[in-house]
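Numbering (the working numbering), first residue to last: 4 to 178.
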């Protein structure tokens with residue numbers, strides 16, 4: 004077939020990464036209507052984009068001082084529901100990272116903080132009256148968005164739900 008990879012991994016991606024990718028594909032496939040008799044059709048009611056194909060930059064304050072750092076939001080996937088005019092940022096939480104430690108970049112709480120900044124922080128000059136957020140800069144359609152966590156267990160789901168309910172910083176729906 005003479006196929007060429009656009010990007011070649013620099014090292015073995017490892018079994019945990021592969022498991023994460025397989026489970027994310029399972030999430031996608033669960034959204035595709037199937038009857039078990041005929042081949043499934045490409046879904047037309049929604050658009051699914053893997054996070055690695057998105058360019059979602061934002062700025063955030065550095066932890067060590069009053070400087071601003073450039074960051075990039077990378078959800079596992081984004082699901083656009085055209086009929087409902089809504090957007091869902093999909094995060095598959097396998098349970099390999101901690102939930103509560105916001106200082107660890109892979110923790111669920113750190114992800115929630117990044118989403119909060121992306122959805123609500125001003126992207127332009129507030130003093131000049133600019134009201135654009137990083138979300139509204141990236142998505143001009145005005146659709147509301149929210150983060151949807153998919154978990155392999157009820158215990159993980161409940162742990163994330165507790166963090167969202169007890170920590171006021173973690174409201175991650177767009178205005």
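Glycine is no exception: its CB is placed at the ideal position from the N, C-alpha and C atoms.
Note that the structure is predicted; figures quoted are calculated from it, not measured.
The shortest C-alpha to C-alpha distance from residue 151 to any of 35, 81 and 85 is the one to 81. DSSP places residue 64 within a strand segment (E or B) once states are collapsed to three. Contact check for residue 137 against residue 126 passes: the beta carbons are separated by less than 8 angstroms. By the Cβ rule, the stretch 77-91 counts as touching the stretch 145-163, because three or more pairs are nearer than 8 angstroms.
Here the stretch 82-99 makes contact with the stretch 38-58; the two share three or more CB pairs at distances below 8 angstroms. For residue 29, the enclosing alpha helix (DSSP H) stretches over residues 18-33. In this structure the stretch 87-101 lies against the stretch 151-169, because at least three pairs of beta carbons, one per stretch, are closer than 8 angstroms. If you check the CB distance, residue 163 and residue 120 do not come in under 8 angstroms. Classified as exposed, residue 21 has fewer than 16 neighbouring CB atoms from the shown chains inside 10 Å of its CB. In this structure, DSSP gives residue 86 a state outside helix and strand, which the three-state scheme calls coil. One alpha carbon belongs to residue 19, the other to residue 28, and they sit about 14 angstroms apart. Listed in chain order, the non-local C-beta contacts of residue 88 below 7 angstroms within the same chain comprise 146, local neighbours out to five positions each way being set aside. Inter-residue distance for residue 60 and residue 73 is about 7 angstroms (C-alpha atoms, whole angstroms).
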